[in-house]
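*Asks:* Quick note, the sequences are listed as chains A and B, same order.
Numbering of the first sequence is given in numbering that gives the first Met the number 0, commencing with residue 0 and proceeding in unit increments.
Numbering of the second sequence is given in numbering that gives the first Met the number 0, commencing with residue 0 and proceeding in unit increments.
Glycine is no exception: its CB is placed at the ideal position from the N, C-alpha and C atoms.
Note that the structure is predicted; figures quoted are calculated from it, not measured.
Have a look at the structure that comes next, please.
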Amino acid sequence: MSDPANITLVTMDGTTFTVPSAYLHRSKLVQDWLRSEGDKQAMEVKHVTPFVLQGVLNFCEIHAEDTSEPLADPADPTKPFEADPRDDAFRGMPDDQLLQFTMAADILQIPELVRLTAQEMASRIDGKSPDQIRAMFNPDDLAEEDVDSDNEMGEVGEEGAISK
Amino acid sequence: MFPTITNRCRLPLEILIEIFRLVEQLGNGYYDILACALVSRDWYHAYLLFVATHGLCIEPADFWEHCPEQVWSRVSQGRWRLANLLFEARRYNVDIPWKKEELTLNLRRIVAGARRYDLLHRRSRKSDNGLKKTLVNTRPVQELTALIQNIVSVKQLDIKLKGVDPEVFNEAADFLRQFLHNFRCLQTITITGPLIGGWPSETAMVHPVTEILNNNTTNLRKINLTEFIGDKTVTEALRRCTKIHTATLYEWDGLDKEDIAYTTEGILRLENNITPMRFWPNLRMLDFRHSKYPTSPILDDLVRSCPLLEELRLGPGVKGDEEEFHESLYNFVVAFGSRIKCLDLVGLWPVQMRLELRTVGGELAKDAFAEDFPRSDNGVAARYREGLPGFVAVQRLFVVEGESRGMESLYSRT
């Protein structure tokens with residue numbers, strides 16, 4: 000039985016991080032896990048590297064004592080984004096790390112961090128060409144199995160939905 | 000937080016959409032979104048969803064200027080269709096605010112999809128031995144359902160009937176019936192293509208178009224029934240659409256059988272069939288091309304019932320008495336030409352070439368087409384100006400080559 004005051008996270012390579020549960024009260028994934036499987040020893044966070052998880056936990060620690068209501072959705076229009084000087088470290092990180100943090104924030108379901116990283120990505124994308132964006136964030140190249148033929152996909156999307 | 004709808008280690012679509020939303024608020028707005036669309040296939044998918052849900056145009060006019068071929072090929076290969084993306088998004092309960100208001104339905108394909116038929120598609124890829132046929136639209140009908148459900152209030156509905164028989168039409172109508180509440184705000188309806196064999200005149204079935212029209216008479220502004228064959232119930236439903244200001248009844252077939260085409264009975268039925276126009280006081284544009292020759296009472300009735308009518312497009316009828324028509328037209332022009340601003344007589348008006356008289360009574364504005372025929376257009380224009388006092392207000396007149404008979408008869412009368 001794990002200590003209810005602390006939570007242990009295990010990254011993809013087996014590295015463990017033990018942090019107070021209160022740090023992660025904005026992570027819906029962790030909250031759901033605590034409710035359903037809180038009696039287990041450690042929570043596995045696959046697809047997240049130790050470096051990135053450390054960064055995410057730093058963010059959570061900085062914002063652990065924030066009293067604002069947790070966001071339900073990063074795109075919540077009722078709560079406009081406000082830059083927080085405590086997050087400057089996240090804004091200054093290299094492009095590839097920013098991408099990884101965005102994905103980690105999505106995996107852990109922390110809307111505040113998603114909003115921060117998405118905002119930063121948007122400001123970096125602004126005014127760039129497709130090739131520049133590609134060089135910055137290097138989305139994966141097409142994998143063979145992902146290439147669907149038109150035969151399978153059909154035509155309704157064109158005729159059935161879009162009037163150009 | 001949205002669930003992740005891609006299982007790969009890439010940014011999920013909903014995060015990309017959120018990034019696009021933020022990008023749009025910065026600097027160049029939409030052009031940055033276009034740049035994002037061309038980054039990779041995932042990003043293009045997100046772009047498709049983004050533009051669809053924000054009411055933007057997928058390919059704006061200058062899209063290709065911003066889209067070099069090699070960049071386009073990067074995202075276009077194996078791309079998903081919007082319908083698939085929406086279907087995926089709904090499957091994972093991703094909440095996408097939908098702002099699109101147009102819906103184009105090809106009934107033949109819908110039904111083919113519902114029945115999982117394999118249809119041969121005409122827009123085929125070329126192969127070594129000519130055209131290679133590809134199989135399309137074996138899509139399950141629930142995807143289409145998801146698609147329509149996303150459009151909360153359809154404002155424009157296009158239905159293509161070409162190659163559909165009445166039975167299939169009914170089947171498709173059954174499918175559409177569940178979405179009638181989505182069509183309540185309909186402003187434009189376009190129904191094109193004849194049913195195979197026409198709508199059976201002695202049937203107890205309610206014409207599906209009647210059903211759609213009956214639900215949407217209050218907001219309907221534009222109607223386009225090209226090559227459409229209706230019945231009495233459609234006519235009655237049309238009469239209730241009093242706000243129509245633009246009507247295209249191209250190749251409108253009011254008559255069921257050719258053998259009564261221009262008998263007294265035929266004319267009577269034709270006159271009855273265009274009665275909906277009498278109930279459209281706001282009508283400004285009427286396209287009546289390739290319908291039967293309208294007779295004098297029809298034209299007369301039309302202008303009296305529609306005081307705002309400014310644009311009238313007539314055309315060569317497939318049946319009818321040409322002489323009588325020209326007589327009617329002459330009377331019509333003399334009586335009402337002062338009100339009509341655009342009169343399209345392409346194929347009807349027997350002159351040597353197309354002319355455009357922008358200001359009758361003033362200088363003839365030569366357009367590029369007229370420039371090619373500098374020798375004769377002035378003469379023809381002058382004859383129109385001098386010979387047709389009724390044309391004083393006509394600003395745009397379209398005529399095209401034909402036999403000279405009608406022109407001469409018109410000219411000789413003045």
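Can you say whether Gly-54 (chain A) is buried or exposed, counting buried as having 16 or more other CB atoms within 10 angstroms of its CB?
*Replies:* Buried: at least 16 other Cβ atoms inside 10 Å.
*Asks:* Which residue marks the beginning of the alpha helix (DSSP H) containing Met-102 (chain A), and which one marks its end?
*Replies:* 94 to 107 is the extent of the alpha helix (DSSP H) around Met-102 (chain A).
*Asks:* Starting from the C-beta of Leu-107 (chain A), find all residues in its chain whose C-beta is less than 6 Å away, skip the five residues before and the five after it, and write them out in chain order.
*Replies:* Taken in chain order, the residues that qualify are Ser-26, Leu-28.
*Asks:* Note down the Cα distance separating Leu-21 (chain B) from Cys-35 (chain B), rounded to an integer number of angstroms.
*Replies:* Spanning the two alpha carbons is a distance of roughly 12 Å.
*Asks:* Anything in chain A within Cβ reach of Ile-18 (chain B), meaning under 8 Å, just list it in chain order.
*Replies:* Simply Ala-117, Met-120, Ala-121, Ile-124.
*Asks:* The alpha helix (DSSP H) that contains Gln-30 (chain A), what's its start and end?
*Replies:* Element bounds for Gln-30 (chain A): 27 to 36.
*Asks:* Going by DSSP, what residue range makes up the alpha helix (DSSP H) through Arg-419 (chain B)?
*Replies:* The structure shown does not extend to residue 419 (chain B), since chain B is modelled only from 0 through 413, so no value can be given for it.
*Asks:* Is there a Cβ from chain B that is less than 7 Å from the Cβ of Ile-132 (chain A)?
*Replies:* Output row for Ile-132 (chain A): interface = yes.
*Asks:* Could you give the C-beta distance for Ala-236 (chain B) and Trp-279 (chain B), rounded to a whole number, given that I count them as a contact under 8 Å?
*Replies:* Actually they are not in contact, since the Cβ atoms of Ala-236 (chain B) and Trp-279 (chain B) sit about 13 Å apart, beyond 8 Å.
*Asks:* Which of the three DSSP states is assigned to Asn-5 (chain A) in this structure?
*Replies:* Strand.
*Asks:* Do the stretch 93 to 111 of chain A and the stretch 10 to 20 of chain A meet, that is, are 3 or more Cβ pairs less than 8 Å apart?
*Replies:* Contact between the stretch 93 to 111 of chain A and the stretch 10 to 20 of chain A is absent, because fewer than three Cβ pairs lie under 8 Å.
*Asks:* Three or more C-beta pairs closer than 8 Å, one from the stretch 121 to 133 of chain A and one from the stretch 35 to 50 of chain A: is that the case here?
*Replies:* In short, these stretches do not touch, since the Cβ pair count stays below three.
*Asks:* On the DSSP letters alone, give me the boundaries of the alpha helix (DSSP H) that Glu-13 (chain B) sits inside.
*Replies:* Note, Glu-13 (chain B): alpha helix (DSSP H), 12 to 24.
*Asks:* Please state the DSSP three-state secondary structure of Gln-131 (chain A).
*Replies:* DSSP places Gln-131 (chain A) in helix when its eight states are reduced to three.
*Asks:* How would you label Asp-95 (chain A), buried or exposed, when you count the other beta carbons within 10 angstroms and need 16 or more for buried?
*Replies:* Asp-95 (chain A) should be labelled exposed.
*Asks:* Mapping the DSSP letters down to three states, classify Ala-41 (chain A) as helix, strand or coil.
*Replies:* Three-state DSSP puts Ala-41 (chain A) in coil, outside helix and strand.
*Asks:* If I follow the unbroken beta strand (DSSP E) through Gln-155 (chain B), where does it start and stop?
*Replies:* Gln-155 (chain B) -> beta strand (DSSP E) spans 155 to 159.
*Asks:* Thinking C-alpha only, which one of B:Glu-17, B:Phe-174, B:Thr-209 is nearest Ile-190 (chain B)?
*Replies:* Minimum Cα distance to Ile-190 (chain B) is reached at B:Thr-209.
*Asks:* Suppose contacts are defined by Cβ-Cβ distances below 7 Å. Is Ile-61 (chain A) in contact with Arg-85 (chain A) by that definition?
*Replies:* Cβ atoms of Ile-61 (chain A) and Arg-85 (chain A): closer than 7 Å.
*Asks:* Using the three-state DSSP reduction, which class does Asn-213 (chain B) fall into: helix, strand or coil?
*Replies:* Helix at Asn-213 (chain B).
*Asks:* Using only alpha-carbon positions, find the residue among A:Leu-112, A:Glu-64, A:Ile-124, A:Val-51 that is nearest to Glu-81 (chain A).
*Replies:* The residue with the shortest Cα to Cα distance from Glu-81 (chain A) is A:Leu-112.
*Asks:* Can you grab the Cα-Cα spacing for the pair Cys-435 (chain B) / His-206 (chain B), in whole Å?
*Replies:* The requested residue 435 (chain B) does not occur in the structure, where chain B is confined to residues 0 to 413.
*Asks:* Please report whether the beta-carbon of Pro-79 (chain A) lies at a distance below 7 Å from any beta-carbon of chain B.
*Replies:* Pro-79 (chain A) does not count as touching chain B.
*Asks:* At a Cβ cut of 7 Å, what residues of the stretch 22 to 48 of chain B count as close to chain A, listed as they run along the chain?
*Replies:* The residues in question are Val-22, Leu-25, Gly-26, Asn-27, Asp-31, Ala-34, Cys-35, Leu-37, Val-38, Ser-39, Arg-40, Asp-41, Trp-42.
*Asks:* Rounded to the nearest angstrom, how far is the Cβ of Leu-160 (chain B) from that of Asn-214 (chain B), given a contact under 8 Å?
*Replies:* That pair is no contact at about 19 Å.
*Asks:* Ignore the nearest five residues each way along the sequence and tell me which others in Lys-78 (chain A)'s own chain have a CB closer than 7 Å to its CB.
*Replies:* Result list for Lys-78 (chain A): Leu-70, in chain order.
*Asks:* Which bits of chain B does Thr-14 (chain A) rub up against, with CB to CB less than 9 Å?
*Replies:* Ordered by position in chain B, no residue passes the 9 Å Cβ test against Thr-14 (chain A), which lies about 18 Å from the chain.
*Asks:* Quick one: which chain B residues come within Cβ less than 7 Å of Pro-129 (chain A)?
*Replies:* Neighbours of Pro-129 (chain A) on chain B, chain order: Ala-34, Leu-37, Val-38, Val-70.
*Asks:* Quick check on Pro-193 (chain B): does DSSP put it in helix, strand or coil?
*Replies:* If DSSP states are grouped into helix, strand and coil, Pro-193 (chain B) belongs with coil.
*Asks:* If we define contact as Cβ-Cβ less than 7 Å, is Pro-11 (chain B) a contact residue for chain A?
*Replies:* Yes, its Cβ sits closer than 7 Å to a Cβ of chain A.
*Asks:* Starting from the Cα of Asp-83 (chain A), find the closest Cα among A:Lys-127, A:Gln-118, A:Ser-35 and give me that residue.
*Replies:* The shortest C-alpha separation from Asp-83 (chain A) is found at A:Gln-118.
*Asks:* Let me confirm a value: Ser-39 (chain B) is counted as buried when at least 16 other C-beta atoms fall within 10 Å, else exposed. Which label applies?
*Replies:* Buried is the call here.
*Asks:* With 7 Å set as the bound, which would you pick, yes or no: does the beta-carbon of Pro-73 (chain A) sit closer than that to a beta-carbon of chain B?
*Replies:* With 7 Å as the cut-off, Pro-73 (chain A) counts as an interface residue toward chain B.
*Asks:* Assign Leu-307 (chain B) to buried or exposed, taking buried as 16 or more other Cβ atoms, counted over all protein chains shown, within 10 Å of its Cβ.
*Replies:* Leu-307 (chain B) should be labelled exposed.
*Asks:* For the stretch 100 to 111 of chain A, enumerate the residues whose C-beta is nearer than 9 Å to any C-beta of chain B, in chain order.
*Replies:* Correct list: Thr-101, Met-102, Ala-104, Asp-105, Ile-106, Gln-108, Ile-109, Pro-110.
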